[in-house]
Amino acid sequence: MENKNKVIKKIGIIAVAAAVIFFTGMNVIATDKKVETKKTETVNSYKENIVIASKADAKTLDPQRTIDTTSNKTIRLIFNGLLSLDKDLNVQPCLAESWEAVDDTNTIFHLKKGVKFHNGDTMTAEDVKFSIDRARVSNQTSYLFKPITEVTVIDENTVKITTEKPFGPLLTNLAQTQGCIVSKRAVQEVGEENFFQHPVGTGQYKFKEWIPGDRIIVEAFDDAFQGAPKVRQITMRTITEVSNRMIALETGEADIAFDIGIMDKEAVKKNKDMEFLEVASPSSLYLGFDQTTPEYQNKKLRQAIAYAVDTKVLAEAVFRGSAIAADSPLPKACPAHITPAKQYDQDIEKAKQLMAEAGYKDGLNIELWVNDDGPRTDMCVIMQEQLKAIGINAEIKIFEWGAYVSRTAQPNKQLYLLSWNSTSDGDAALYALFHSSQQGLSGNRSFYKNEKLDEVLDKARYSVNQEERTKLYQEAQEILQEDIPHYTLVYPMLNVAIRKNVKNMIFRNDGYIDVENMYVINEK
Numbered sequence: 005m006e007n008k009n010k011v012i013k014k015i016g017i018i019a020v021a022a023a024v025i026f027f028t029g030m031n032v033i034a035t036d037k038k039v040e041t042k043k044t045e046t047v048n049s050y051k052e053n054i055v056i057a058s059k060a061d062a063k064t065l066d067p068q069r070t071i072d073t074t075s076n077k078t079i080r081l082i083f084n085g086l087l088s089l090d091k092d093l094n095v096q097p098c099l100a101e102s103w104e105a106v107d108d109t110n111t112i113f114h115l116k117k118g119v120k121f122h123n124g125d126t127m128t129a130e131d132v133k134f135s136i137d138r139a140r141v142s143n144q145t146s147y148l149f150k151p152i153t154e155v156t157v158i159d160e161n162t163v164k165i166t167t168e169k170p171f172g173p174l175l176t177n178l179a180q181t182q183g184c185i186v187s188k189r190a191v192q193e194v195g196e197e198n199f200f201q202h203p204v205g206t207g208q209y210k211f212k213e214w215i216p217g218d219r220i221i222v223e224a225f226d227d228a229f230q231g232a233p234k235v236r237q238i239t240m241r242t243i244t245e246v247s248n249r250m251i252a253l254e255t256g257e258a259d260i261a262f263d264i265g266i267m268d269k270e271a272v273k274k275n276k277d278m279e280f281l282e283v284a285s286p287s288s289l290y291l292g293f294d295q296t297t298p299e300y301q302n303k304k305l306r307q308a309i310a311y312a313v314d315t316k317v318l319a320e321a322v323f324r325g326s327a328i329a330a331d332s333p334l335p336k337a338c339p340a341h342i343t344p345a346k347q348y349d350q351d352i353e354k355a356k357q358l359m360a361e362a363g364y365k366d367g368l369n370i371e372l373w374v375n376d377d378g379p380r381t382d383m384c385v386i387m388q389e390q391l392k393a394i395g396i397n398a399e400i401k402i403f404e405w406g407a408y409v410s411r412t413a414q415p416n417k418q419l420y421l422l423s424w425n426s427t428s429d430g431d432a433a434l435y436a437l438f439h440s441s442q443q444g445l446s447g448n449r450s451f452y453k454n455e456k457l458d459e460v461l462d463k464a465r466y467s468v469n470q471e472e473r474t475k476l477y478q479e480a481q482e483i484l485q486e487d488i489p490h491y492t493l494v495y496p497m498l499n500v501a502i503r504k505n506v507k508n509m510i511f512r513n514d515g516y517i518d519v520e521n522m523y524v525i526n527e528k
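This note's numbering puts the first residue of the sequence shown at 5, with every later residue one more than the last.
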């Protein structure tokens, strides 16, 4: 207990600027918090141009090339999918107005008629087929759509999707960012490799300008099938420092700011001009062990590191009530979550014993990789200190976010800190991270392979029986917690802060915002 208090005290200053900041995840889901509308505003009082502050720049604006939530936040302004998810996680119509299952492996989708792309073209079944076929083969998105074997155009407004086996998460996956529908003609005109800079979708906002590292600007698309938006232009500003995002919000330079620092939380709540929104999420932050790096092939070393790390200290010192210590690789927000039998409550003596059994009685020098993010680097400083207690000297290496995403997708790397944001379905939360077919960019960055786990995840993926799927995901958690290809540290809360003149914005449990009916009142 004395050591824990000492660590918390030591890290207190470091954690002052900590924010709940998370990336790499993908997917749209969960409960929402909505800023209520008052009926006293007039049309001419609306603010036409707003700024949303984000901690990092997008890597891509192509929905079939995305793997991180920062990119997804802008992509979702520009594109729509066949389906969407409501606040209760139910699948809802979007570009598809209805659908029916012909049998266990064939589903027919009826498209909304007259939907326009930003280039003026009318969306047809050919665009839908083209988009889903792209998603099936993309390295970044195939984990969601690989079971789809064929997309058949029945007529201009009807498509049939065929899967190799009954595919439980089909509808949920089609509602994700990676399932958004792109303009076939636009992709062919600019080329597959250039579309990420020239996106054309059906969303309420069309792409205008991208100044890398600084801002992305989208403008209103008045022919959107949802109706013309009241906000005429949205600028996604990259403001990497959490304190600067807070300043931008306070001064009115920004109207909405993602990932406000934990120490700024109370300040936002006390400010009559601002509002703080925070939600539990189906996401996790983890310590990854690359199985292609010889020392991390040793399970006893992996377990020793886990026993040396006190996740409760991480949750308390860095997140201060905005995260909880993890007990499973599947987040608590997922219905199939259990607390596996194997747990790694901090036990230094046990960790030292495992170090000796692993062949590292005299200690070990390693690198601990992290991206340039305040809370994550704070976590690494804490873990660096904790690992010293078992003879591990960890040198912290900090990378820019874009470079980090690319580096961690490669084999032969050191210990690394990363997060995963998913839907509440176990398939999205576990398949990409741990199935051997997903090694590298798709999500399995530890390059883990376990035939038994593959079998369990495949059975769950190809079942439409929810009770059976839940039991299989519970079995998967037991396997993973024992084998520990990565060590799940905390389950975060996600946050966004807004100025109170922002109306009808929905903040969902996946950390995304829904702006379809949003408007902003001019401040006097």
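Glycine included, each C-beta is placed from N, C-alpha and C at the ideal position.
Task: Identified DSSP bridge partners for A224 - done: Mapped onto the sequence shown, residue 224 falls at position 220. Answer is Y209.
Task: Reference Q481, options H341, E245, V246, R69, closest by Cα - done: Start at 1 with the first residue of the sequence shown, and residue 481 comes out as number 477. The residue with the shortest Cα to Cα distance from Q481 is H341.
Task: K336 beta carbon less than 8 angstroms from that of Y495 - done: Position 491 of the sequence shown, counted from the first residue, corresponds to residue 495. Position 332 of the sequence shown, counted from the first residue, corresponds to residue 336. Contact: yes.
TODO: Can you say whether E479 is buried or exposed, counting buried as having 16 or more other CB atoms within 10 angstroms of its CB?
DONE: As a position in the sequence shown, residue 479 is number 475, starting the count at 1. That one is buried.
TODO: Find the nearest neighbour of K210 within the set N526, P233, S332, D218, judged by alpha-carbon distance.
DONE: The residue you call residue 210 lines up with position 206 of the sequence shown. It is P233 whose Cα lies nearest to the Cα of K210.
Open item on the list: Under 8 angstroms: do the region 458-469 and the region 490-508 share three or more Cβ pairs, one atom per stretch?
Closed with: no
TODO: Taking 8 angstroms as the threshold, find out whether the region 415-430 comes into contact with the region 263-271 through three or more Cβ pairs.
DONE: no
Open item on the list: Does D366 come out as helix, strand or coil in the three-state DSSP assignment?
Closed with: Taking the first residue of the sequence shown as 1, we reach residue 366 at position 362. Reduced to three states, the DSSP call for D366 is coil.
Open item on the list: Just to check my reading of the structure: I483 and N505 have Cβ atoms closer than 8 angstroms, yes? What is that Cβ distance to the nearest angstrom?
Closed with: As a first step, residue 483 must be located in the sequence shown, where it is residue number 479. As a first step, residue 505 must be located in the sequence shown, where it is residue number 501. 50 angstroms between Cβ atoms; not a contact.
TODO: Reducing DSSP to helix, strand and coil, say where V235 ends up.
DONE: For the purposes of this step, residue 235 is identified with residue 231 of the sequence shown, where counting begins at 1. Three-state result, V235: coil.
Open item on the list: Using CA atoms only, rank isn't needed, just tell me which of A62, E101, Y491 is closest to Y290.
Closed with: Numbered from 1 along the sequence shown, position 286 holds the residue referred to as residue 290. Of the listed residues, the one whose Cα sits closest to Y290 is Y491.
Task: Coil, strand or helix - G181 by DSSP - done: Against the sequence shown, residue 181 aligns to sequence position 177. The displayed chain sequence assigns Thr, not Gly, to residue 181. Of the three classes helix, strand and coil, the one that applies to T181 here is helix, per DSSP.
TODO: Identify the continuous beta strand (DSSP E) that holds F200 and give its terminal residues.
DONE: Along the sequence shown, read from residue 1 onward, the residue named residue 200 stands at position 196. That residue, F200, is in no beta strand (DSSP E); it is neither H nor E in DSSP.
Task: Cβ shell of A393 (< 7 angstroms), same chain only, five flanking positions each side left out - done: Numbered from its first residue, the sequence shown carries residue 393 at position 389. Hits under 7 angstroms: A312, I352.
Open item on the list: Using beta carbons (cut-off 8 angstroms, strictly below), is I260 in contact with chain C?
Closed with: Annotation note: the requested chain C is absent from the structure, which comprises a single protein chain.
Open item on the list: For V106, count the other beta carbons within 10 Å of its own beta carbon; 16 or more makes it buried, fewer makes it exposed. Which is it?
Closed with: The sequence position of residue 106 within the sequence shown is 102, counting from 1. Exposed, since its Cβ has fewer than 16 Cβ neighbours within 10 Å.
Task: Per-residue DSSP class, three states only, for E279 - done: Locating residue 279 in the sequence shown gives position 275, where the first residue counts as 1. Three-state DSSP puts E279 in a strand.
- [ ] Could you check which residue in I260, G325, Y516 has the C-alpha nearest to that of S75?
- [x] Reading the sequence shown from its first residue, position 71 is the one you call residue 75. Of the candidates I260, G325, Y516, the one whose C-alpha sits nearest the C-alpha of S75 is Y516.
Open item on the list: Across the region 184-196 and the region 135-149, are there enough close Cβ pairs to call them in contact, namely three or more that are closer than 8 angstroms?
Closed with: yes
Open item on the list: Suppose you measure from the CA of V32 to the CA of E404; what does that come to, to the nearest Å?
Closed with: The residue labelled residue 32 in the question sits at position 28 within the sequence shown. The residue labelled residue 404 in the question sits at position 400 within the sequence shown. Note that V32 scores 33 on pLDDT, short of 50, meaning its location in the model is unreliable and no value can be drawn from it.
Open item on the list: Within a Cβ cutoff of 7 angstroms, which residues of the same chain sit near A327, ignoring the five residues on either side of it in sequence?
Closed with: In the sequence shown, counting from the first residue as 1, residue 327 sits at position 323. Contacts found: V24, A319, V494, Y495, P496, M497.
Open item on the list: Can you confirm whether the region 363-380 touches the region 402-419 when touching is taken to mean that 3 or more C-beta pairs between the two stretches lie within less than 8 angstroms?
Closed with: yes
Task: Option in V460, M522, R512, S440 with minimal Cα separation from Y147 - done: Sequence index remark: in the sequence shown, residue 147 carries index 143 (1-based). Closest by alpha carbon: S440.
- [ ] Determine the contact status of K120 and D227, defining contact as a CB-CB distance below 8 angstroms.
- [x] Here residue 120 is taken as the residue at index 116 of the sequence shown, counted from 1. Here residue 227 is taken as the residue at index 223 of the sequence shown, counted from 1. Yes, they are a contact pair.
Task: Exposure of G430, with buried meaning 16 or more beta-carbon neighbours within 10 Å - done: Against the sequence shown, residue 430 aligns to sequence position 426. With 16 or more Cβ atoms within 10 Å of its Cβ, G430 is classed as buried.
Open item on the list: I need the boundaries of the alpha helix (DSSP H) containing I56, first residue and last residue.
Closed with: Numbered from its first residue, the sequence shown carries residue 56 at position 52. Element bounds for I56: not the alpha helix (DSSP H) but the beta strand (DSSP E), 53-58.
TODO: Say whether the region 405-418 touches the region 148-155, bearing in mind that this needs 3 or more beta-carbon pairs closer than 8 angstroms, one atom from each stretch.
DONE: no
Open item on the list: I need the DSSP call for E168, collapsed to helix, strand or coil.
Closed with: For the purposes of this step, residue 168 is taken as the residue at position 164 of the sequence shown. Residue state, collapsed to three classes: coil.
TODO: May I ask which residues mark the beginning and end of the beta strand (DSSP E) holding I502?
DONE: Within the sequence shown, the letter at position 498 stands for residue 502. I502 -> beta strand (DSSP E) spans 490-503.
TODO: Give the DSSP-derived three-state secondary structure of A466 in the structure shown.
DONE: Taking the sequence shown and counting its residues from 1, one reaches residue 466 at position 462. At residue 466 the sequence reads Tyr, which differs from the Ala that was named. Here Y466 sits in coil by DSSP.
Open item on the list: Between which two residues does the beta strand (DSSP E) holding S102 run?
Closed with: As a first step, residue 102 is located in the sequence shown; it is residue number 98 there, counting from the start. It spans 100-107 - the beta strand (DSSP E) in which S102 sits, taken as one unbroken run.
Task: Residues of its chain near V20, where Cβ-Cβ distance is below 7 angstroms and the 5 sequence neighbours each way are ignored - done: Taking the sequence shown and counting its residues from 1, the one referred to as residue 20 is at position 16. Here V20 scores only 36 on pLDDT, less than 50, and its place in the model should not be relied on; the value that follows carries that caveat. Taken in chain order, the residues that qualify are M267.
Task: Assigned secondary structure, R219 (DSSP; H/G/I helix, E/B strand, else coil) - done: Locating residue 219 in the sequence shown gives position 215, counting from the first residue. R219: strand per DSSP, three-state reduction.
Open item on the list: Using the three-state DSSP reduction, which class does L81 fall into: helix, strand or coil?
Closed with: Here residue 81 refers to the residue found at position 77 of the sequence shown. DSSP places L81 in helix when its eight states are reduced to three.
Open item on the list: Let me check understanding here. Comparing Cα to Cα, which of V500, E527, Y50, V55 lies closest to E279?
Closed with: Residue mapping note: residue 279 aligns to position 275 of the sequence shown, counting from 1. Per the Cα distances, V500.
Task: Length-filtered (4 minimum) alpha helix (DSSP H) runs lying within the region 344-406 - done: 352-361, 378-392
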